[in-house]
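A.B. asks: Sharing a structure below in structure tokens format, with a few things to ask.
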Amino acid sequence: GGPEYASFFAVMGASAAMVFSALGAAYGTAKSGTGIAAMSVMRPELIMKSIIPVVMAGIIAIYGLVVAVLIANSLSEGISLYRSFLQLGAGLSVGLSGLAAGFAIGIVGDAGVRGTAQQPRLFVG
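In terms of my numbering, the sequence shown is numbered consecutively and its last residue is 129.
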């Protein structure tokens, strides 16, 4: 096995995956939600079509949760330092990419919802 503190890095990877992806999902949901609220004043019939960015942002948190559960399930008493660093890297990469994706979904979703209110042909579906 590895040193006693090796599991700390694996747990930090699981935490990073969950925390950062949840932050990205929260930002994406909030930013898209403000766009929906602004759009619904003028075009209330488009509210249900405009929920798509909120759903997409919420899925980001599920990705982080899946990785956090996978890391937590693979924890064992004598985990090696190498394996725990791999899990830290996996958690950080999923979490930070989820954060960036949530920001992008929020910004693009907000602009898309407001644009669809002005020109409904922007909505493909």
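Think of the CB as a built atom: it goes at the ideal place given N, C-alpha and C, for glycine as much as any other residue.
1. Quick check on I66: buried or exposed, where buried means 16 or more other Cβ atoms within 10 Å of its Cβ?
2. With distances taken from CA atoms, which of G106, G110, T120, L90 is nearest S44?
3. Below 8 Å, how does it come out for the segment 18-29 and the segment 52-72: are there three or more Cβ pairs, yes or no?
4. Determine the burial state of P124: buried for a count of at least 16 other Cβ atoms within 10 Å of its Cβ, exposed for fewer.
5. Rounded to a whole number of angstroms, what is the C-alpha to C-alpha distance between L103 and E81?
6. Express the C-alpha separation of I83 and A108 in angstroms, rounding to a whole number.
7. Using alpha carbons as the reference points, say which of Y31, S101, I75, S11 lies closest to V58.
8. Between S78 and L92, what straight-line distance do the alpha-carbon atoms span, to the nearest angstrom?
9. Who are the Cβ neighbours of M16 in its own chain at under 8 Å, not counting the five residues just before and after it?
10. To the nearest angstrom, how far is it from the Cα of Y9 to the Cα of S97?
C.D. replies: To lay it out plainly:
1. Numbered from 1 along the sequence shown, position 62 holds the residue referred to as residue 66. Counting Cβ neighbours within 10 Å, I66 comes out exposed, since fewer than 16 surround it.
2. In the sequence shown, the residue the question calls residue 44 occupies position 40. Closest option to S44, Cα to Cα, is T120.
3. yes
4. Locating residue 124 in the sequence shown gives position 120, where the first residue counts as 1. Answer is exposed; the Cβ neighbour count stays below 16.
5. If you number the sequence shown from 1, residue 103 lands on position 99. If you number the sequence shown from 1, residue 81 lands on position 77. If I take the Cα positions, the gap works out to 31 Å.
6. By one-based count along the sequence shown, residue 108 stands at place 104. By one-based count along the sequence shown, residue 83 stands at place 79. If you take the alpha carbons of A108 and I83, they lie about 36 Å apart.
7. Taking the sequence shown and counting its residues from 1, one reaches residue 58 at position 54. Among Y31, S101, I75, S11, the Cα nearest to that of V58 belongs to Y31.
8. Looking up residue 78 in the sequence shown gives position 74. Looking up residue 92 in the sequence shown gives position 88. One C-alpha to the other measures close to 12 Å.
9. Locating residue 16 in the sequence shown gives position 12, counting from the first residue. Only L92, G95 meet the Cβ criterion.
10. For the purposes of this step, residue 9 is identified with residue 5 of the sequence shown, where counting begins at 1. For the purposes of this step, residue 97 is identified with residue 93 of the sequence shown, where counting begins at 1. Y9 and S97: Cα-Cα distance of roughly 21 Å.
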